Structures are given as structure tokens and as C-alpha cells.
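Protein chains in written order, with the working numbering: chain A, 1483 to 1839; chain B, 1483 to 1839.
Just below is one structure, and these are the notes that go with it.
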């Protein structure tokens, strides 16, 4: 366990044993007397890494037949552009749910490609809730959702029931809970929360949904390019994919997504319980929509800020400063954050409550 | 010095001390008790990495005022798309020199965006030479060149004199020799040869050349997006940028580009001299266009292949198998490959010549 309790919102904490293995591979990978980062991506040693990472994604999420797993570059932000290019028909339209900055960015990018219908938004209350009971236009080519909103601390607890294909940006909660992949035409997610370091983005895509837009798609934005070349159309981000593989191996070894879902629930319950019961704190997000990944909260008495900051800092807690657009605090509890770290934070909050409450 | 003589064409050898520092940072970065890959990219520690890497690029290449240095994702292949979007006017055209697979891919991508004039090609002789004395159309918005062709072992020894702006893909020879950046409106290069690991691409771009196409550019493809956000519009590939910074520090400490240019010339002279004087070998590329980065050569007697392969393998040489589209051998001699490794290969070639010549 790290000496620091790392609540960073991403890039975020990774398992200590993964960091150890990654560190060794940078010097000597697979006993080749060569570094992982100085061998050909077409060597059998790296091809094995790529294949193992892809098959772990399939196994951990129960990805059904007919889906492909890709590891690409560019972050979810480049995904925002790939989505309309690959799924919005020329002359067609797409439906977007606006639940925060990144959801909104995804929508804006699609607007550059074609017609976009904003079906719901929580911008009216600074994205502190998840909209529900909105109509989904049957003529749209897909519905785009963002399952977890890191900045605001909200998370979709139920996915929308939709007659049109659903595409989800799961950057900040993939691998945190069980999902039914067959409900989605595509899931995509930047690695740097629950999967690995920054620098690669996973795409889980239903093959039969591709090739139907009638658009000319630039080579690197065309998911079929990368499917044909098995994520090696050009040099892949070797290190980020390798560390993702290690992190997924760690997850599998410990009991997979079913196990981590329970751990994540325990961590969230522990922290939200303290936020709700400690009169010095109040949660930011609508309670029904609270994220198990990112808990946002503020002080009821802003004058005590320096006191609280001193206390958590001296407990070796790191990364709980809130995002500038929300303020207060944000404790991110991604997969690799142990329950013990949440307990340390809760203990600090309790002590703070006793001292100043 | 590595125990293996690593002639890999890319990802390729990096300095041993860089690998050592990178390995340590994966465990404990800047004595934070946190890994480099689990801290926020907006932390002061990482912002310092980004700024140091950018200023090293400027210092090592003598980048003049008015240019910006960016570290982005997607490889040069995504650069092939950014080039026409950012530099080809709506209704305009661009001139391309086709010197190999990657040059040709760059051209094909531009053809998806607008009118392309192929001003010269060496495809007629399997790209074994660099075309010269071709007319450059004065009405084109830019001339695109690829300065080194990894697969074929050719390199531009003189840059074209052009009245229109020149854009260069320098993926496989950037930082290997002195260049005059002011002759280019943009230089771009994947990191994974002379700069660092796979996963980031450097762009050196003249600011005043941007914003003039009249095109709607997708956010992530718009270089002005990344200039405004100092390469942090979205989460950057932290590890790849950090290792690039270390590699550039190594280069600076040893004497910079002026120093490495001489070392690279010595390595190339040593190997090409053996290729030319050993009757069992013949060079593939036109001698005047030979690359100092990648030497391609074949056996004069293909029946001796197994014998030669056994000999270099037992000398702990790695990565000299030729690309499938050229055959034979390719010895890549990027910046971090020591002269001693080239000497080992030359000694093997000499011994092979004595035994079977």
C-alpha cells in the first residue's frame, strides 16, 4: 500500500504491484535484456501484451461475440469525433444527454459533423443531477451518454432503455461495476481512471454497427481501420497498453468486476455516510445520482477551510481539492484506492467534526 | 550499455540512464511517494515536465520566436490528417513528395480533405532513391516532405528550396542532425525513434501560419486548440512525454544535436563502408540518398542467409531483419545506439566475409 492516500481524479492511483511490474519492465521486459519501450511493437512479446489486454477486457466485462476491443490514442476527446464519423449517417442525426463538461464536449464535436438533438441536460443546476424520463427520438442514429461525470460527482445508476443504439463514454467508471455490453453499440473510455495510465483509450465496438454511415471517414478516425489492423495500424502506445494489461490482470486475480463493484460500494457508502452525518459537510450531487467514483462535497462553514486542509494534508491524503467549476472537495475512489484510504479520510472528517462541530 | 545491440527500427533503443530514471519515476516520482503515472497532469510536478520538454525541443533545435511546441497523441498518422486541416485552404491544394509508404499515406490522407498534387515519386524503383529537380507548384498551399524513410533506408540530404511553405514529417530523423526550423511552417514527428517511447508526437508549428484555411476544424485536430491549452486540452500521455524529456536532457548533456550529428555520421560511415567493401553485401538505397538512421542491405548470395543470421544472433545483435517490403537487412542506428554496437555488427560482417567470401 502506498504511503500516500491518493484520491486524484485522474490520472489516478494504480495498484502498487502493477507499478512495481511496470517499473521492472522499463528496464528488462520478459527477460529479453531489453526495455518494454525499446522493442518493436510487432515483436511477439508485444503482440502477446496487446492480445492479452484485449482478451482481459472481453473476459472481465463479459463482452459478447461480434464485438471488437481496440486500444487507440487520443483520449475520449478524440472519441467524441470518432463517434459521429462512425455512427451518424450522412444526413442523419444523433441524440445526446448533457450531464457535464465532457458530455457537452462530446455533443459539440458531433454538431460539427451533423445534426444533434440534445434530449436532456442538467446544466441548469451545474450538472448536479442526472436527467431522467426524457424522450429518445426514434429517428436518431444513436443515443450518446456519459456514464460518470468526474467533475460533478454524478453517475448513471440505470442506463436508459432505448430503441435506438446507445453509445457510452465510460471513461471514469469502466471496470468499476458489472455492465451488460450487449446494450451498447459502442463503449469507449480513456485508460487513466480504472484501467491504466494516460495515453490509451479502449473501444468496445459492435462490428455489425460499423460501415453504415455513407461517409468518407479519415483513416485514423475510422474504427474499421483499427479493427482490420488489430490496433496496430500505426505504432500503438506500448507502455500505456502494457500497464493497462497489468491492471486488468490485477483486477481478474482479485475477483474481477463483481468483486470490485462490492469494494467500490463499500468505499462510497463509508464516505457518503460521513458526509451525510457530519454537520460540517454537505454533498454536492443529488443523492440519488451520487457517483461511486467521485464524491463531491463542501464545507458548511467555509471559514474552517484552512483547518480542514491542514488536517487531511497531515494525514498524507492527496488529491481531494475540488474541481474549479464545483469548488469544495472531490474524493475520487477509483478501483485501486483501498478502503483503508477512505477510512483515513473519514477518520479525519470525524475528528474535524469533533473539534469544530 | 545494454547487453543487447538493439538495432530495432522503432520503437527503438533509448539511453540506459533514461530507462533507469523512467523506471524509478514509475515507483516514486520527484520524491512525492507517488508514481509519475498516478498524479494529476495538472499538478505542478507534471506541468514542469511538460514545460521542460517543450523548452528542450526549442533549445536543441534552435526553434525561433513565433513557433510553438506541442506534445500530442495519435502518431504521425493522425498528423497526416492535421496537416491538410490546418494548412490547406478550403478550395486550395497541396503538393506532396512520395518517398515511401508513410509519405504516400500522408498524401492519401490529404486527398480526403482536398486537392493534392504529387510533385515527385520514387515508387517506380521501390522507393530506393529520393527524387530531385521537381517543379513545386507556386499555387499550392504547402509542400509536404518526409525527411527519412525508415522502411527503405533513404534520407533527404538537402531540403527542397521552395517558395511555398514546407511541412515535414521528421518522425525518423528529428534530433539526429542540425536543421533550420525557420525553413518550415511545421515539423512533426512521432517520438518513438530519437525522442522517446511510442505514445506522443511532437509538433513544431509557426503560429502565424495557422487559422488561415477557412475550414471548420474538429477540435482535437485543430492545432490552435492545443496551443491555447498548452498541450493539455485533454489528459496528455504523461509517461511518453516524461521519457521524451529525459531523452532530450540526455542529448543536451552530451553535446546536443551538433554532437549527435557527428556520432551518427561516424556510425553510418562505419557500416556503409563495410557494406560497400564486403563482397557478400550490397546496399539497397541509392548511395547518394542513404539514410544515416536506417541502413538497408542484402546478401549477394541468399543461400548464406542462415549462416549470417546465426552469426549476428550469437553476437547479441537484435532487430536487423529487413522490412517485408524490402527484404534483406535493416540496421537502424538511432541516436541512442552506441558506435560500439555498429562496430560489433561490422565485425560480424567482416568475419562472415572471411569465412564465406
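We put the beta carbon where it would ideally sit given N, CA and C, even for glycine.
Predicted model only: the values in this text are computed from it and were never measured.
Which residues mark the beginning and the end of the beta strand (DSSP E) in which residue i is found?
| i | result |
| --- | --- |
| residue 1626/B | 1625–1628 |
| residue 1784/B | Careful: residue 1784/B lies outside any beta strand (DSSP E) and carries neither H nor E. |
| residue 1598/B | 1597–1603 |
| residue 1511/B | Unbroken run through residue 1511/B: none, as it is neither H nor E. |
| residue 1765/B | 1763–1765 |
| residue 1553/B | 1549–1554 |
| residue 1814/B | 1811–1814 |
| residue 1687/A | 1683–1688 |
| residue 1575/A | 1575–1580 |
Using a cut-off of 7 Å between C-beta atoms, extract the partners of residue i located in chain A.
| i | result |
| --- | --- |
| residue 1852/B | Residue 1852/B lies beyond the stretch modelled for chain B, which goes from 1483 to 1839, so this question has no answer here. |
| residue 1485/B | 1515 |
| residue 1824/B | By Cβ distance, chain A contributes nothing, its closest Cβ being about 17 Å from residue 1824/B, past 7 Å. |
| residue 1773/B | The contacting residues do not exist; residue 1773/B stays about 18 Å from chain A at best. |
| residue 1801/B | 1522 |
Please compile the residues from chain C whose C-beta is within a distance smaller than 7 Å of the C-beta of residue i.
| i | result |
| --- | --- |
| residue 1488/B | Going by chain labels, chain C is absent from the structure shown, which instead holds the protein chains A and B. |
Quick test of your reading: residue i and residue j, contact by CB under 8 Å. State the CB separation rounded to the nearest angstrom.
| i | j | result |
| --- | --- | --- |
| residue 1665/B | residue 1684/B | Not confirmed; about 17 Å, so no contact. |
| residue 1718/B | residue 1523/B | 6 Å |
| residue 1637/A | residue 1772/A | 7 Å |
| residue 1846/A | residue 1518/B | An answer regarding residue 1846/A cannot be provided, because it is not within the stretch 1483 to 1839 covered by chain A. |
| residue 1728/B | residue 1539/B | That belief does not hold up - the Cβ atoms of residue 1728/B and residue 1539/B are roughly 13 Å apart, past 8 Å. |
| residue 1774/B | residue 1746/B | 5 Å |
| residue 1581/B | residue 1604/B | 6 Å |
| residue 1726/B | residue 1677/B | 5 Å |
Quick check on the burial criterion: 16 or more other C-beta atoms within 10 angstroms. Buried or exposed for residue i?
| i | result |
| --- | --- |
| residue 1833/B | exposed |
| residue 1736/A | exposed |
| residue 1822/A | exposed |
| residue 1675/B | buried |
| residue 1623/A | buried |
| residue 1548/B | exposed |
| residue 1564/B | buried |
| residue 1662/B | exposed |
| residue 1688/A | buried |
| residue 1658/A | buried |
| residue 1627/B | buried |
| residue 1716/B | buried |
| residue 1621/B | exposed |
| residue 1488/A | buried |
| residue 1816/A | buried |
| residue 1578/B | buried |
| residue 1650/A | buried |
| residue 1810/A | buried |
| residue 1824/B | buried |
| residue 1782/A | exposed |
| residue 1483/A | With a pLDDT of 48 at residue 1483/A, under the threshold of 50, the modelled position of this residue cannot be trusted, and the question is left open. |
For the alpha helix (DSSP H) containing residue i, list its first residue and its last residue.
| i | result |
| --- | --- |
| residue 1847/B | No information on residue 1847/B is available, as it lies outside the stretch 1483 to 1839 that chain B covers here. |
| residue 1585/B | 1583–1593 |
| residue 1489/B | Segment: none, residue 1489/B is in no alpha helix (DSSP H) and carries neither H nor E. |
| residue 1669/A | Note, residue 1669/A: premise wrong, no alpha helix (DSSP H); beta strand (DSSP E) at 1668–1672. |
| residue 1722/B | 1720–1736 |
| residue 1846/B | Here chain B comprises residues numbered 1483 to 1839, so residue 1846/B is not present and cannot be evaluated. |
Tell me whether the beta-carbon of residue i lies closer than 8 Å to the beta-carbon of residue j.
| i | j | result |
| --- | --- | --- |
| residue 1559/A | residue 1668/B | no |
| residue 1589/B | residue 1723/B | no |
| residue 1635/A | residue 1750/A | no |
| residue 1828/B | residue 1753/B | yes |
| residue 1632/A | residue 1776/A | yes |
| residue 1566/A | residue 1720/B | no |
| residue 1490/B | residue 1814/B | yes |
| residue 1520/B | residue 1493/A | yes |
| residue 1696/B | residue 1572/B | yes |
Can you name the residues of chain B whose CB is closer than 7 Å to the CB of residue i?
| i | result |
| --- | --- |
| residue 1813/A | Result: empty, since nearest Cβ-Cβ is about 14 Å, beyond 7 Å. |
| residue 1563/A | 1700, 1702 |
| residue 1591/A | 1700, 1701 |
| residue 1493/A | 1519, 1520, 1521, 1522, 1523, 1717, 1720 |
Which chain B residues sit within Cβ distance under 8 Å of residue i?
| i | result |
| --- | --- |
| residue 1555/A | 1555, 1556, 1557, 1560, 1681, 1719 |
| residue 1499/A | Residues of chain B passing the Cβ test: none, with the nearest at roughly 11 Å. |
| residue 1576/A | Under the 8 Å cutoff, chain B gives no residues; its nearest Cβ is about 15 Å from residue 1576/A. |
Please compile the residues from chain A whose C-beta is within a distance smaller than 9 Å of the C-beta of residue i.
| i | result |
| --- | --- |
| residue 1594/B | 1698, 1699, 1700, 1701 |
| residue 1588/B | Per Cβ cutoff of 9 Å: no residues; residue 1588/B is ~11 Å from chain A at best. |
| residue 1725/B | 1508, 1519, 1721 |
| residue 1505/B | 1504, 1505, 1506, 1507, 1508, 1509, 1517 |
Determine the chain B residues that contact residue i at a beta-carbon separation under 9 Å, and present them in chain order.
| i | result |
| --- | --- |
| residue 1496/A | 1517, 1519, 1520 |
Which residues in chain A sit within 8 Å of residue i, going by Cβ to Cβ distance?
| i | result |
| --- | --- |
| residue 1820/B | Residues of chain A passing the Cβ test: none, with the nearest at roughly 13 Å. |
| residue 1502/B | 1509 |
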